[in-house]
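This report concerns only the one structure given below.
Number of protein chains: 2
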Amino acid sequence: MKNLLVASTSTVYGGSYLDYLLPTLKSHYKNVGELLFVPYARPGGISHEEYTQRTAKAFSNINLKVKGLHTCKNPIEAIKIAKGIFTGGGNTFVLVNALHTLEIMQPLREALFHGTPYLGTSAGSNICGITMQTTNDMPIVYPPSFKTLGVLPFNINPHYLDPDTSSKHMGETRETRIKEYHTQNTIPVLGLREGSWLEVKGETIMLKGKLPVRVFEKNKAAYEIEPNTEISTFN
Amino acid sequence: MKNLLVASTSTVYGGSYLDYLLPTLKSHYKNVGELLFVPYARPGGISHEEYTQRTAKAFSNINLKVKGLHTCKNPIEAIKIAKGIFTGGGNTFVLVNALHTLEIMQPLREALFHGTPYLGTSAGSNICGITMQTTNDMPIVYPPSFKTLGVLPFNINPHYLDPDTSSKHMGETRETRIKEYHTQNTIPVLGLREGSWLEVKGETIMLKGKLPVRVFEKNKAAYEIEPNTEISTFN
Chain X
1 MKNLLVASTS
11 TVYGGSYLDY
21 LLPTLKSHYK
31 NVGELLFVPY
41 ARPGGISHEE
51 YTQRTAKAFS
61 NINLKVKGLH
71 TCKNPIEAIK
81 IAKGIFTGGG
91 NTFVLVNALH
101 TLEIMQPLRE
111 ALFHGTPYLG
121 TSAGSNICGI
131 TMQTTNDMPI
141 VYPPSFKTLG
151 VLPFNINPHY
161 LDPDTSSKHM
171 GETRETRIKE
181 YHTQNTIPVL
191 GLREGSWLEV
201 KGETIMLKGK
211 LPVRVFEKNK
221 AAYEIEPNTE
231 ISTFN
Chain U
1 MKNLLVASTS
11 TVYGGSYLDY
21 LLPTLKSHYK
31 NVGELLFVPY
41 ARPGGISHEE
51 YTQRTAKAFS
61 NINLKVKGLH
71 TCKNPIEAIK
81 IAKGIFTGGG
91 NTFVLVNALH
101 TLEIMQPLRE
111 ALFHGTPYLG
121 TSAGSNICGI
131 TMQTTNDMPI
141 VYPPSFKTLG
151 VLPFNINPHY
161 LDPDTSSKHM
171 GETRETRIKE
181 YHTQNTIPVL
191 GLREGSWLEV
201 KGETIMLKGK
211 LPVRVFEKNK
221 AAYEIEPNTE
231 ISTFN
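Chains as they are written, first to last, in full-length UniProt numbering: chain X, 1 to 235; chain U, 1 to 235.
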């Protein structure tokens, strides 16, 4: 039975890394002891070790130890036996490239289907979708495939941003980009605003946080779902 | 001898499609008669035909006929004999996927090296770089390669946007994204602001428009080059 938290961002404006999620994580990772951290998205290009240490510091607030997957001799086995897993944000192309190259996309998928408690933030949430094709990131590496974990029946657009009506910039808005995605693809997309997350228990998906989520389906007008509501549209 | 205009955007704030470039294009495409238009980037997912008609309307202001490459039975031959070429903006992944799939990346590269007058805007400028890896677009299709025309000795980031210091959004700024690119790559990047373009005559590259360009090189602080200056850094 899936047990996932899929968050738009690790950090909300004015807060520190993961702080707004810590009360939720305390119960989510209860009895986990040691958390397995997937550091491959490398935000700002920092090293796996540096990223793991930053994460360990945040989780020390709820007395949880953190082990970086990059330190495991057998990553596939490490994922299999992990009591809890967290994939942090950064660059989705770099993350997906690493997961495919190290051949851990499938083991990670299996662990999540078998109920290992999981947290994803940003890129780590993006990979919960069917493909990474609604990422906001630059394609700074060329991954062998855009396919991702598929533990959600839709794709995620993290850090979803409403159009700035006062902007004089002529680049595409986020909504325009997702609409372009639907000229080439049929998979629904959830635009998850910062501070929002999905709580997935088995096949039940609830929206958490204070803001509504914006839902994009092919050939439909975009619509909003309020917090503390089940996302049942795609069941 | 290369003869290129590489523009950040087709449309500036408050203007209409291509209007700010028309005086320049009038001399750039002098004696061209009929312009070959590459419509494959499909902005907003519009059809090749619709995009070509929109473009033909803009060029009718300078009495230039426009032919869509999608209507040519032999696209490779059409590129070879074209007197002038324009690649419009849209989604860079969709554009690059089409150019590779139709096997016209190389013929297009050769035409530009042989001196066919070329205009690129946005995605059409992105492909002038060595790779498309500093695009802002969503990866809505999976192209066979990120390699592009390589008629410039650097990559382009079109619609370059300075950080909004008042923003409460926690997604990466453009500068952060380009810095992440340089953790994985060595190719320099030009952040080309809207309203700016590069004028390329042979190996001489001049910055045109009213705004400076922001230059990013690996392991260097980003710096600016003023308009009407030769971009000689990478020669």
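In this text, a Cβ means the ideal position worked out from N, Cα and C, and glycines have one as well.
Cβ pair residue i, residue j closer than 7 Å
i: residue 237 of chain X; j: X/V189; result: The requested residue 237 of chain X is not part of the displayed model; chain X covers only 1 to 235.
i: U/F37; j: U/G68; result: yes
i: X/L211; j: X/R193; result: yes
i: X/I46; j: X/P75; result: no
i: X/K65; j: X/E110; result: no
i: U/H100; j: U/P144; result: yes
i: X/T131; j: X/T148; result: yes
i: X/Y22; j: X/N61; result: The sequence shown places Leu at residue 22 of chain X, rather than the Tyr named in the question. Yes; because the gap between Cβ atoms is below 7 Å, this pair is in contact.
i: X/Y142; j: U/F146; result: yes
i: U/T55; j: X/M170; result: no
i: X/L152; j: X/G115; result: no
i: X/W197; j: X/A58; result: no
i: U/I79; j: U/L102; result: no
i: X/G209; j: X/N157; result: no
Beta strand (DSSP E) segment containing residue i, residue limits
i: U/I85; result: 85–87
i: U/L35; result: 34–38
i: X/N157; result: 155–160
i: X/R214; result: 213–216
i: U/V200; result: 197–201
i: U/I140; result: First-last for U/I140: undefined, no H or E at that position.
i: X/T71; result: Note, X/T71: premise wrong, no beta strand (DSSP E); not H, not E.
i: U/Y17; result: Per DSSP, U/Y17 belongs to no beta strand (DSSP E) and is neither H nor E.
i: residue 239 of chain U; result: Coverage of chain U is limited to positions 1 through 235, which leaves residue 239 of chain U absent and any answer about it impossible.
CB contact check: residue i to chain U, cutoff 7 Å
i: X/H159; result: yes
i: X/P139; result: yes
i: X/N91; result: yes
i: X/F146; result: yes
i: X/Y142; result: yes
Residue span of the alpha helix (DSSP H) that contains residue i, given as start and end
i: X/R193; result: Note, X/R193: premise wrong, no alpha helix (DSSP H); beta strand (DSSP E) at 189–193.
i: U/A111; result: 105–113
i: U/Y51; result: 48–59
i: X/N3; result: No alpha helix (DSSP H) contains X/N3, which is instead part of the beta strand (DSSP E) from 3–7.
i: U/L95; result: 92–101
i: U/I178; result: 174–184
Residue-level contact to chain X via CB, residue i, 7 Å cutoff
i: U/Y17; result: no
i: U/F154; result: no
i: U/N235; result: In this predicted model, U/N235 has a pLDDT of only 42, less than 50, meaning its place in the structure is not dependable; the value taken from the coordinates is given anyway. With 7 Å as the cut-off, U/N235 does not count as an interface residue toward chain X.
i: U/Q106; result: no
i: U/E49; result: no
i: U/G171; result: yes
i: U/K168; result: yes
i: U/G45; result: yes
i: U/R177; result: yes
i: U/T9; result: yes
Contacts around residue i, its chain only, beta-carbon distance under 6 Å, and the 5 residues preceding and following it disregarded
i: X/T11; result: Y17
i: X/V200; result: K2, L4
i: X/N185; result: none
i: X/T173; result: P163
i: U/L95; result: Y40, A41, A123
i: residue 238 of chain U; result: Absent from the structure is residue 238 of chain U, since the part of chain U shown begins at 1 and ends at 235.
i: X/F86; result: L35, F37, L119
i: U/T24; result: none
i: U/G84; result: Y29, V32, L35, P117
i: U/G44; result: none
Three-state secondary structure (DSSP) of residue i
i: U/L25; result: helix
i: X/K65; result: strand
i: X/I81; result: helix
i: U/T121; result: strand
i: X/I76; result: helix
Contacting residues, own chain, Cβ-Cβ under 7 Å from residue i (five flanking each side not counted)
i: X/P39; result: H48, Y51, T52, G68, L69, H70, G88
i: X/G202; result: M1, K2
Nonlocal neighbours in the same chain, by C-beta distance under 8 Å from residue i, ignoring five residues either side
i: U/E224; result: P212, V213, R214, V215
i: X/E180; result: E172
Contact set between residue i and chain C, taken where Cβ atoms lie within less than 9 Å
i: X/R54; result: As a matter of chain content, chain C is missing from the structure shown, whose protein chains are X and U.
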